[in-house]
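Protein chains in written order, with the working numbering: chain A, 4 to 162; chain B, 4 to 162; chain C, 4 to 162; chain D, 4 to 162; chain E, 4 to 162; chain F, 4 to 162. A quick write-up on the structure given underneath.
Number of protein chains: 6
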Amino acid sequence: MVELSHVDASGAAHMVDVTGKEASARVAVATGTVRTTEEVVSLLRSDGLKKGDALGTARIAGIMGAKRTPDLIPLCHPIAISGVSVEFTLGSDRVDITATTKTTDRTGVEMEALTAVAVAGLTLHDMIKAVDPAAVLDAVRLERKDGGKTGTWTRPEDR
Amino acid sequence: MVELSHVDASGAAHMVDVTGKEASARVAVATGTVRTTEEVVSLLRSDGLKKGDALGTARIAGIMGAKRTPDLIPLCHPIAISGVSVEFTLGSDRVDITATTKTTDRTGVEMEALTAVAVAGLTLHDMIKAVDPAAVLDAVRLERKDGGKTGTWTRPEDR
Amino acid sequence: MVELSHVDASGAAHMVDVTGKEASARVAVATGTVRTTEEVVSLLRSDGLKKGDALGTARIAGIMGAKRTPDLIPLCHPIAISGVSVEFTLGSDRVDITATTKTTDRTGVEMEALTAVAVAGLTLHDMIKAVDPAAVLDAVRLERKDGGKTGTWTRPEDR
Amino acid sequence: MVELSHVDASGAAHMVDVTGKEASARVAVATGTVRTTEEVVSLLRSDGLKKGDALGTARIAGIMGAKRTPDLIPLCHPIAISGVSVEFTLGSDRVDITATTKTTDRTGVEMEALTAVAVAGLTLHDMIKAVDPAAVLDAVRLERKDGGKTGTWTRPEDR
Amino acid sequence: MVELSHVDASGAAHMVDVTGKEASARVAVATGTVRTTEEVVSLLRSDGLKKGDALGTARIAGIMGAKRTPDLIPLCHPIAISGVSVEFTLGSDRVDITATTKTTDRTGVEMEALTAVAVAGLTLHDMIKAVDPAAVLDAVRLERKDGGKTGTWTRPEDR
Amino acid sequence: MVELSHVDASGAAHMVDVTGKEASARVAVATGTVRTTEEVVSLLRSDGLKKGDALGTARIAGIMGAKRTPDLIPLCHPIAISGVSVEFTLGSDRVDITATTKTTDRTGVEMEALTAVAVAGLTLHDMIKAVDPAAVLDAVRLERKDGGKTGTWTRPEDR
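What follows is the structure in structure tokens.
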């Protein structure tokens with residue numbers, strides 16, 4: 004029968020025991036999108052021509068957010084993140100975010116990648132909210148993971 | 004001309020000076036949705052009949068996440084949150100999240116409400132990802148805010 | 004009917020709304036005891052004659068622990084602590100801990116005082132555990148609180 | 004001569020060097036008790052029949068507290084916790100807490116288990132204090148540890 | 004007699020009680036310098052022409068560092084920072100850092116300004132250390148503070 | 004061509020990928036100086052004859068600061084620190100600080116040693132600032148590092 008991994012037989016939450024799992028190289032890629040207005044994207048672009056601090060700030064927030072994952076997600080293991088990158092692509096009225104996280108630990112870095120995307124997106128929201136309080140953080144999701152016992156998982160096309 | 008509030012004339016990020024703003028009661032409401040499968044929602048429901056630890060864990064994570072907002076969002080002010088609640092509504096293949104945050108400080112609690120939603124959603128993702136790694140956190144957005152100099156803002160219907 | 008304040012009508016945890024409460028001076032005093040061996044107390048005493056770093060370390064840990072209370076206790080409000088002190092009294096085979104916390108905020112500092120005692124006690128445990136792994140942290144409890152709408156509360160003698 | 008491990012020859016505190024120790028599987032079990040009233044235990048029980056959020060909240064706080072151990076206890080090493088569980092047993096006027104922590108690192112997880120118990124106990128205190136401000140966190144202590152060079156330690160019966 | 008404010012009559016550290024002090028607008032300005040090589044400054048400048056992420060990252064780190072001050076400095080009060088800015092000036096072989104912090108709380112923001120400078124400087128060091136591991140963070144000091152009972156203090160010329 | 008390691012080809016900050024690096028024993032030593040007055044050093048000395056809490060507090064702050072390095076320095080990896088010590092030497096009008104950090108991880112502990120020095124120095128500043136607000140934290144720098152692929156680095160005499 005299918006069961007939630009973080010809830011034991013009695014229904015109580017616990018941090019899954021990964022003591023017996025092997026340390027190995029693992030990678031995860033997550034994405035998300037901030038939907039806003041053409042005016043905001045135009046401001047972010049011109050900022051990019053000057054000092055890029057709006058996108059740069061969101062990038063740093065995403066990287067630091069990945070490191071805070073075990074402080075935020077109650078049942079996540081504290082793990083040795085060995086690399087994080089956060090990239091942005093500007094569309095006409097949207098900013099697409101991609102985060103890649105790596106580790107050589109006993110469990111995967113999916114939550115770290117998702118947290119990096121969410122924190123980067125929230126940070127963009129914070130910086131544009133005086134102009135567009137209606138901005139939306141959408142489609143925060145895992146695209147791919149590699150490594151560990153279950154190996155590679157790629158997002159199915161129909162989800 | 005419209006400008007990003009967190010970026011100064013030279014394009015550099017800074018924490019906006021709110022020293023001169025008045026402390027007053029403020030409220031913000033944010034929402035978001037975790038899109039998953041009917042199977043997962045069914046597991047969350049049956050869990051709800053037992054001990055509710057999956058949703059209960061996400062609720063606590065959201066409340067604690069609201070308190071971590073200034074640690075996560077670089078240019079957010081540390082403020083005195085005076086109340087947080089996080090609610091879930093189960094749909095057939097989705098979980099809708101609503102967070103309400105309150106303060107009596109010099110600046111609003113919009114980011115705190117959005118962060119509560121995002122962290123609650125990520126926590127749900129963490130707990131269901133063994134069953135549905137393709138789950139998506141969608142539509143994280145501000146619905147309403149009250150208080151402060153700008154008064155009440157309600158999300159426009161066309162966004 | 005008597006009810007738990009942090010659990011709403013539906014049984015869900017939330018951070019109690021204190022927006023309407025008045026900011027006022029409040030004090031809390033908590034105590035606790037580390038029960039150990041005469042040998043350990045003797046080591047702590049001689050250390051006290053030199054540099055006092057064992058008790059000094061526990062004192063600092065307690066003070067810093069008080070500041071971390073809202074990070075640790077999920078439904079505690081982040082409040083403006085305006086003073087903390089932590090004192091130790093050495094008995095023959097025990098160390099008694101007293102913490103006093105103060106604020107001028109909308110809610111009390113009882114949890115801050117209790118957290119200071121617990122973290123100071125755990126820190127002592129950490130430093131003596133190579134000699135006495137069986138040490139016990141006992142009787143962590145509130146002694147007194149002043150201020151706020153409910154005024155002074157003093158621990159009843161029969162508890 | 005017996006000496007405190009965290010204090011060097013000059014009496015100064017330091018973080019003990021474990022560079023040369025071997026990484027190996029280690030487990031620790033700690034317990035503690037919240038002494039309260041029959042009325043409170045009755046409220047916790049009925050809550051348990053509904054959504055269990057009071058005990059569920061304390062459980063999550065304990066698990067997250069274990070992860071914060073190196074932030075709280077000054078001389079504790081940051082280690083890779085590989086599993087945490089926190090269990091409660093309701094007595095007539097008490098709640099007994101048991102925490103189990105695991106790692107595969109260079110030093111033990113005793114402090115992590117003790118911190119989980121203390122934070123879970125303080126969280127319960129926070130949630131019942133409106134009804135019973137006189138509740139006491141008692142008998143926070145190590146029951147057993149396994150692994151590492153010193154192997155298994157079990158609490159002696161006379162302590 | 005002159006005494007250290009954070010050490011009581013018995014020599015024990017404590018967090019000074021500011022309960023009775025009045026909340027008022029306060030400002031602090033601190034500076035510091037990273038001494039490095041002409042090659043490094045040249046890299047920082049050319050980076051500035053592109054995306055500015057090296058200086059931008061240090062700026063964000065400094066702003067976030069200011070908010071972490073009470074987590075880092077044991078006897079600092081947690082206070083409501085109402086504004087932070089961090090500026091850099093590039094010399095031929097040095098980067099000068101200036102941080103300005105503001106509050107409307109019961110105690111000053113000197114430590115917050117100094118911490119912002121130190122964390123920004125350490126972050127620059129981190130990013131240039133592959134090229135210049137010998138870089139030095141120098142002259143971290145308070146330049147000026149305004150507000151509070153003691154009013155304005157300006158750094159004397161002979162220090 | 005020489006390039007900043009934390010900035011990629013497009014000028015964007017990222018956390019350098021160390022997945023492929025080998026875990027090995029590494030050590031770093033950093034130093035710094037707090038320049039103050041003879042009066043202050045005299046107070047620190049007499050305090051040292053009593054309970055040493057001023058220097059003891061700064062030592063604990065430095066050790067805990069080393070553990071917070073990845074929370075403070077955006078692009079630092081979270082690593083398993085296996086030992087930290089912080090030492091002070093009192094001069095006539097100065098306090099010299101030395102921090103030594105150790106790890107067995109995939110990257111070095113230079114930033115951890117520098118952070119320990121900076122936080123210890125800022126903490127001293129905090130405790131003496133009522134007597135000497137003009138105190139300066141000077142010469143925070145790396146003295147030596149051992150281990151890893153690049154092996155031993157010793158500070159050149161002319162820097």
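The C-beta atom is built at its ideal place from N, Cα and C for all residues, glycine as well. For clarity, every value in this text was computed on a predicted model and none was experimentally measured.
**OP:** Taking 8 angstroms as the cut-off, decide whether the C-beta atoms of D/Thr34 and D/Met130 are in contact.
**Re:** Residue mapping note: residue 34 of chain D aligns to position 31 of the fourth sequence, counting from 1. Residue mapping note: residue 130 of chain D aligns to position 127 of the fourth sequence, counting from 1. For D/Thr34 and D/Met130, no; Cβs fall outside 8 angstroms.
Original post:
What separation, rounded to the nearest whole angstrom, lies between the Cα atoms of F/Glu6 and F/Met114?
Top reply: For the purposes of this step, residue 6 of chain F is taken as the residue at position 3 of the sixth sequence. For the purposes of this step, residue 114 of chain F is taken as the residue at position 111 of the sixth sequence. If I take the Cα positions, the gap works out to 19 angstroms.
Subject >> Neighbour flag for A/Asp56 against chain E, beta carbons, 8 angstroms >> reply: Within the first sequence, residue 56 of chain A is the residue found at index 53, counting from 1. It does; some Cβ of chain E falls within 8 angstroms.
Original post:
For F/Met67, which residues in chain A fall below 7 angstroms Cβ to Cβ?
Top reply: In the sixth sequence, the residue the question calls residue 67 of chain F occupies position 64. Neighbours of F/Met67 on chain A: none; closest Cβ ~16 angstroms, over 7 angstroms.
**OP:** Enumerate, from N- to C-terminal direction, the unbroken beta strand (DSSP E) stretches of 3 or more residues contained entirely within the stretch 118-149 of chain A.
**Re:** If we require 3 residues or more, the beta strand (DSSP E) runs fully inside the stretch 118-149 of chain A come out as 139-149.
Original post:
If you drop the 5 nearest sequence neighbours on each side, which residues of the same chain put their C-beta closer than 7 angstroms to that of A/Ser95?
Top reply: Mapped onto the first sequence, residue 95 of chain A falls at position 92. Closer than 7 angstroms at Cβ, skipping near neighbours: Glu41, Val44.
Original post:
To the nearest whole angstrom, what separates the beta carbons of C/Val143 and C/Val120, a pair I think is in contact under 8 angstroms?
Top reply: Locating residue 143 of chain C in the third sequence gives position 140, where the first residue counts as 1. Locating residue 120 of chain C in the third sequence gives position 117, where the first residue counts as 1. With a Cβ gap of about 5 angstroms, C/Val143 and C/Val120 count as contacting.
**OP:** Use the C-beta contact count for A/Pro77: other C-beta atoms within 10 angstroms, 16 or more gives buried, fewer gives exposed.
**Re:** In the first sequence, counting from the first residue as 1, residue 77 of chain A sits at position 74. It counts as buried.
**OP:** Please state whether DSSP places A/Glu42 in a helix, a strand or coil.
**Re:** Translated into the one-based positions of the first sequence, residue 42 of chain A becomes position 39. DSSP places A/Glu42 in helix when its eight states are reduced to three.
**OP:** Just the chain C side, please: which residues come within less than 8 angstroms of F/Thr60 by C-beta, in chain order?
**Re:** If you number the sixth sequence from 1, residue 60 of chain F lands on position 57. Per Cβ cutoff of 8 angstroms: Gly59, Ile63.
Subject >> Chain-ordered neighbours of A/Ala16 on chain D, where CB pairs are closer than 8 angstroms >> reply: One-based indexing of the first sequence puts residue 16 of chain A at position 13. Near A/Ala16 (Cβ distances below 8 angstroms), the residues of chain D are Gly59, Arg62, Ile63, Ile66.
Subject >> Within chain A, partners of D/Lys70 - CB distance below 8 angstroms >> reply: Against the fourth sequence, residue 70 of chain D aligns to sequence position 67. Pro73, Asp74, Pro81, listed in chain order.
Subject >> Whether E/His17 touches C/Ser88 by CB criterion (8 angstroms) >> reply: Against the fifth sequence, residue 17 of chain E aligns to sequence position 14. Against the third sequence, residue 88 of chain C aligns to sequence position 85. Yes, the Cβ-Cβ distance between E/His17 and C/Ser88 is below 8 angstroms.
Subject >> Sheet register partners of D/Ala33 (DSSP bridge) >> reply: Within the fourth sequence, the letter at position 30 stands for residue 33 of chain D. Per DSSP, D/Ala102, D/Leu145.
Original post:
Roughly how many angstroms lie between the CA atoms of D/Ala103 and B/Ile63, to the nearest whole one?
Top reply: For the purposes of this step, residue 103 of chain D is taken as the residue at position 100 of the fourth sequence. For the purposes of this step, residue 63 of chain B is taken as the residue at position 60 of the second sequence. Looking at the sequence shown, residue 103 of chain D is not Ala but Thr. Cα to Cα, D/Thr103 sits roughly 21 angstroms from B/Ile63.
Original post:
Would you report the Cα separation of F/Pro73 and D/Leu46, rounded to the nearest angstrom?
Top reply: Stepping through the sixth sequence from its first residue, residue 73 of chain F is reached at position 70. Stepping through the fourth sequence from its first residue, residue 46 of chain D is reached at position 43. Their backbone Cα atoms lie some 42 angstroms apart in a straight line.
Original post:
In its own chain, which residues sit with a C-beta less than 7 angstroms from the C-beta of B/Gly151, not counting the 5 before and 5 after it?
Top reply: For the purposes of this step, residue 151 of chain B is taken as the residue at position 148 of the second sequence. The answer, listed in chain order, is Ser27, Arg29, Gly111.
**OP:** Find the residues of chain E that neighbour F/Thr103, judging by a C-beta separation of less than 8 angstroms, and give them in chain order.
**Re:** For this step, residue 103 of chain F is matched to residue 100 along the sixth sequence. Among the residues of chain E, none has a CB under 8 angstroms from the CB of F/Thr103; the nearest is roughly 16 angstroms distant.
Subject >> From E/Val98, E/Thr155, E/Thr153, E/Val134, residue whose alpha carbon lies closest to that of E/Asp141 >> reply: Along the fifth sequence, one-based indexing puts residue 141 of chain E at 138. The option with the nearest alpha carbon to E/Asp141 is E/Val98.
**OP:** State buried or exposed for F/Ala12, treating a residue as buried only when at least 16 other CB atoms are found within 10 Å of its CB.
**Re:** In the sixth sequence, residue 12 of chain F corresponds to position 9, counting from 1. F/Ala12 should be labelled exposed.
**OP:** Assuming E/Arg118 contacts E/Ile82 (C-beta within less than 8 angstroms), just tell me the rounded distance between them.
**Re:** Indexing the fifth sequence from 1 puts residue 118 of chain E at position 115. Indexing the fifth sequence from 1 puts residue 82 of chain E at position 79. The sequence given here places Thr at residue 118 of chain E; Arg does not occur at that position. Cβ-Cβ separation between E/Thr118 and E/Ile82: approximately 12 angstroms, too far for a contact (criterion under 8 angstroms).
**OP:** Starting from F/Val87, find everything on chain D with Cβ-Cβ shorter than 8 angstroms and list it in chain order.
**Re:** As a position in the sixth sequence, residue 87 of chain F is number 84, starting the count at 1. Those are His17, Met18, listed as they occur along chain D.
Original post:
Under a three-way DSSP split, which group does D/Thr157 fall into?
Top reply: As a first step, residue 157 of chain D must be located in the fourth sequence, where it is residue number 154. Here DSSP, grouped into helix, strand and coil, assigns D/Thr157 to strand.
**OP:** Assign E/Thr153 to one of two classes, buried (16 or more other C-beta atoms within 10 Å of its C-beta) or exposed (fewer than that).
**Re:** By one-based count along the fifth sequence, residue 153 of chain E stands at place 150. E/Thr153 should be labelled exposed.
Subject >> chain C contact for B/Thr107 (CB, 8 angstroms cutoff) >> reply: Mapped onto the second sequence, residue 107 of chain B falls at position 104. The beta-carbon of B/Thr107 is placed less than 8 angstroms from the nearest beta-carbon of chain C.
Subject >> Cβ-based neighbour list, B/Asp135, same chain, cut-off 6 angstroms, excluding 5 preceding and 5 following >> reply: Along the second sequence, one-based indexing puts residue 135 of chain B at 132. So the list reads Thr39, Thr40, Val43, once near-sequence residues are dropped.
Subject >> E/Arg158 beta carbon less than 8 angstroms from that of F/Ala137 >> reply: Here residue 137 of chain F corresponds to residue number 134 of the sixth sequence, with the count starting at 1. Here residue 158 of chain E corresponds to residue number 155 of the fifth sequence, with the count starting at 1. In this structure, F/Ala137 places its C-beta atom within 8 angstroms of the C-beta atom of E/Arg158.
Subject >> Option in C/Leu125, C/Leu75, C/Gly86 with minimal Cα separation from E/Lys3 >> reply: Nothing in the structure corresponds to residue 3 of chain E, since chain E is present only between 4 and 162.
**OP:** Helix, strand or coil for B/Asp11, going by three-state DSSP, please let me know.
**Re:** Mapped onto the second sequence, residue 11 of chain B falls at position 8. B/Asp11 falls in the coil class under three-state DSSP.
**OP:** Assign F/Asp161 to one of two classes, buried (16 or more other C-beta atoms within 10 Å of its C-beta) or exposed (fewer than that).
**Re:** Reading the sixth sequence from its first residue, position 158 is the one you call residue 161 of chain F. So F/Asp161 counts as exposed.
Original post:
Are C/Ala116 and C/Leu75 touching if we call contact CB-CB under 8 angstroms?
Top reply: On the third sequence, position 113 is the one that residue 116 of chain C refers to. On the third sequence, position 72 is the one that residue 75 of chain C refers to. No, these two residues do not count as a Cβ contact at 8 angstroms.
Original post:
Helix, strand or coil: how does DSSP classify F/Arg162 here?
Top reply: By one-based count along the sixth sequence, residue 162 of chain F stands at place 159. Three-state result, F/Arg162: coil.
Original post:
When you compare each of A/Thr36, A/Arg109, A/Ile84 to F/Val19 by their alpha carbons, which one comes out closest?
Top reply: If you number the sixth sequence from 1, residue 19 of chain F lands on position 16. Closest option to F/Val19, judged by alpha-carbon separation, among A/Thr36, A/Arg109, A/Ile84: A/Ile84.
Original post:
At a CB-CB cut-off below 7 angstroms, which residues of chain B make contact with C/Leu7?
Top reply: Here residue 7 of chain C refers to the residue found at position 4 of the third sequence. Within chain B, no residue comes near C/Leu7; the closest Cβ sits about 14 angstroms away, beyond 7 angstroms.
Original post:
Tell me which same chain residues have a C-beta within less than 7 angstroms of the C-beta of C/Lys54, skipping the five on either side of it?
Top reply: The sequence position of residue 54 of chain C within the third sequence is 51, counting from 1. Note that C/Lys54 scores 48 on pLDDT, short of 50, meaning its location in the model is unreliable; the coordinates nonetheless yield the value given after this. Cβ neighbours of C/Lys54 beyond the five flanking positions: none.
Original post:
Taking 8 angstroms as the CB-CB limit, is B/Lys53 close to chain C?
Top reply: What you label residue 53 of chain B is simply residue 50 of the second sequence in a count that begins at 1. Residue placement at B/Lys53 is flagged as unreliable, the pLDDT there being 49, under the threshold of 50; a coordinate-derived value is accordingly withheld.
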